[in-house]
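*Asks:* One structure, pasted below without further comment.
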Amino acid sequence: IHCMFFCRVVQCSDKGVDKIPYGIPYNTRYMLLMNNKIDLIQDGDFSLQKNVTVIYLHNNKIAAVGTEDFCPPSYNTKKAMYSGISLFSNPVPYWEVQPITFRCVFDRSAIQLGNYRKK
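In this text, residue positions in the sequence shown follow UniProt numbering: the first is 1, and each later residue adds one.
Now the structure itself:
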């Protein structure tokens, strides 16, 4: 995978990746993972990324989102971690996503779901 890392940004969009890449620098703030083939967020994919505030995952193949995918169970809910998560244009049924999934997001308007069309 040929992701680019610069100024706290991981640029991995439009690379055809099918999973969240490993080896992300610890000081990363923005993860640009849109327009790929990611179909699953695995346990621990974001748990080591303590400084990430924005994750763009739109236009992938993610069909489900777990309650601990973005906010680990040990997370201090008094401190908002994310200011933006985009999941639109994925086959995940937004009505099945539990509200607790985004407990560490600064503002609910920072979450983008829905608008999936099969191609």
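Glycine is no exception: its CB is placed at the ideal position from the N, C-alpha and C atoms.
Going along the chain, which residues of its own chain have a beta-carbon closer than 6 Å to the beta-carbon of PRO72, five neighbours each way excluded?
*Replies:* SER47
*Asks:* For ILE85, name the three-state secondary structure that DSSP assigns.
*Replies:* ILE85 falls in the strand class under three-state DSSP.
*Asks:* Under the assumption that PRO91 contacts ALA63 (Cβ atoms under 8 Å), give the Cβ distance between them as a whole number of angstroms.
*Replies:* 5 Å
*Asks:* Could you pull out every unbroken beta strand (DSSP E) segment of at least 3 residues lying fully inside the region 31-74, listed in chain order?
*Replies:* 54-56
*Asks:* Hey, how far is the Cα of ASP69 from the Cα of PHE102?
*Replies:* 9 Å
*Asks:* Closest to ARG108 by C-alpha separation, out of SER89, TYR82, TRP95, VAL9, would be which residue?
*Replies:* TYR82
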